[in-house]
Structure formats: structure tokens, C-alpha cells
Amino acid sequence: MNDSFNSYSDIEWVDQVHQLLMEIAKASLSDKPKLPENIAGRAIPLAKQAKKIREGVEIQSPQNFVEGNNFYWQLQESEWVEQVREILLDLSRLSLSDIPRLPTHIGQQALSLAKTAKKIKSTVASKSL
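In the working numbering, the protein residues as written are 311 to 439.
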């Protein structure tokens, strides 16, 4: 398998995504919702990794995605990976605007995606025991 399809780094990616999305969700609940510091610097590398994960899923043969192995979540959650990539790119664009604001819908979307990240982490952790 190629380096862009490394299970260990992909799980680290899920963890980093979970942390960032939870931070966004919490920020959206404040009285004056605003984007966290350096969001573009954190979101862009995560969005690039999401793209690599999606590309990795597309080039792999189906037998690599056996239920129970560490790559199975990538196939099952490929739509989630794309949604994460899109929200990360949106957050980057928002942070680079003249007046960066956190839209109200982003918080709920971030929370929903963060819940899936937590589920993926739990599933992979239980399979590797």
C-alpha cells in the first residue's frame, strides 16, 4: 500500500479532525461566535489528507476493505471524509475573508461530523485490541 493510505496516520487524522470540529462546535455556542485562531493553518493540511484518503479508497482493490481491518472504515465512511474535507475548506475560506465570521450552521455540522469521528476512533480502537 502507498504512504497516503497509511492506517495509523489516517487514524491520527481522524483524531485531529475530531478535536478541530469539537473546537468549532464549542466556538459556535459562545455569545459571540468566532473562528478559532489559525484555523486555515490547521484546516488546510487536514483537508489535503482527506483528499489523499479518498484517493486511496478509489485506487484500492475491494479485497483490501475486509470488515474488521483498519482500512474498512475508510470505505464505509468515504462520504464522511468528503464532508469533512468540504467543511475544512469552508472554514479556511471563512478565516481568510476580510471579516471572518462563524456561520451558525457550521457549529451543528461540525458537531455532527465530530460524532462520526468519535465513532470511527472507537470502532478502530476496538478492532485493534
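Backbone N, C-alpha and C define an ideal beta-carbon position, used for all residues, glycine too.
So, under 8 Å CB-CB, residue i and residue j are touching, yes? Tell me the CB distance rounded to an integer number of Å.
i, j, result
"LEU345", "PRO410", "5 Å"
"ALA420", "LEU339", "The pair is not a contact, with the Cβ atoms about 11 Å apart (cut-off 8 Å)."
"LEU423", "ALA353", "LEU423 to ALA353, Cβ: 13 Å. No contact."
If you drop the 5 nearest sequence neighbours on each side, which residues of the same chain put their C-beta closer than 7 Å to that of residue i?
i, result
"MET311", "Confidence at MET311 is low in this model, with a pLDDT of 38, below 50, so its placement is unreliable and no value can be given for it."
"GLN454", "The question about residue 454 has no answer, for the chain in this structure spans 311 to 439."
"GLN326", "LEU356"
"ALA335", "GLY417, ALA420, LEU421, ALA424"
"ARG395", "ALA357, ALA360, LYS361"
"GLU333", "PRO346"
"ALA350", "SER402, SER405, LEU406"
Taking its Cβ as the centre, do 16 or more other Cβ atoms sit within 10 Å of residue i, making it buried, or is it exposed?
i, result
"LEU398", "buried"
"ALA435", "exposed"
"HIS415", "exposed"
"ARG403", "exposed"
"SER432", "exposed"
"SER405", "buried"
"GLU387", "buried"
"GLY366", "buried"
At a cut-off of 8 Å, would you count residue i as near the ligand SAM, judging by its Cβ distance to the nearest heavy atom?
i, result
"ARG411", "The ligand SAM is absent from the structure shown, which contains no ligand whatsoever."
Closer than 8 Å by C-beta to residue i: which residues in its own chain qualify, once you throw out the five before and the five after it? Chain order, please.
i, result
"ALA337", "PRO343, LYS344, LEU345, PRO346, LEU412, GLY417"
"TRP323", "LEU356, GLN359, ALA360, ILE363"
"HIS277", "In the structure as shown, the chain starts at 311 and stops at 439, and residue 277 therefore has no counterpart that could be examined."
"ASP408", "none"
By Cβ distance below 6 Å, which residues in the same chain neighbour residue i in space, the five residues on each side in sequence not counted?
i, result
"ARG391", "Before going on, a small fix: residue 391 reads as Val here, not Arg. ALA360, ILE363, ARG364, listed in sequence order."
"ASN348", "none"
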